[in-house]
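Numbering (this note's numbering), first residue to last: 2 to 139. For glycine and all other residues, C-beta sits at the position ideal for the given N, C-alpha and C.
Spelled out as structure tokens, the structure:
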């Protein structure tokens, strides 16, 4: 699979009754931006930009991928990652940690390409070189 960038995945989970995020870097994926707009009835346009990320099963760290329900059930998520709706993906290998002092809003303000995951498709057919996850969102 052709790749053009690395990404950073922020997996969302509940911790002590509040929302927390775990960061994982994936060094080689295919990122495609899609620029679009919707015409609204009252006139004008509304941005409908989106992106699609293709993550090969053979990427560095793929051996630590865990399906979403199993990942959420882990008592220690360290070293493991998943792909689930509501997670965030940043284009590039970034080192920011989401916390009370650095929020998702600040992450979005700091980087141009931040995607909130809205769908994850698993393509596990064919040869290993074709197998991948397709992650879509806005």
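Item                                                                                            : Value
Closest by C-alpha distance to residue 57, when choosing among 50, 43, 120 and 7                : 7
Whole-angstrom distance between residue 132 and residue 100, CA atom to CA atom                 : 34 angstroms
Residue 90 to residue 18 span [Cα, whole Å]                                                     : 23 angstroms
Separation of residue 114 from residue 65, as counted between CA atoms                          : 25 angstroms
Alpha-carbon to alpha-carbon, residue 42 and residue 12                                         : 36 angstroms
Buried or exposed by the 16-neighbour rule on C-beta atoms within 10 Å, applied to residue 23   : buried
Span of the beta strand (DSSP E), counted from its first residue to its last, around residue 56 : 51-57
Span separating the alpha-carbon of residue 59 from that of residue 52                          : 21 angstroms
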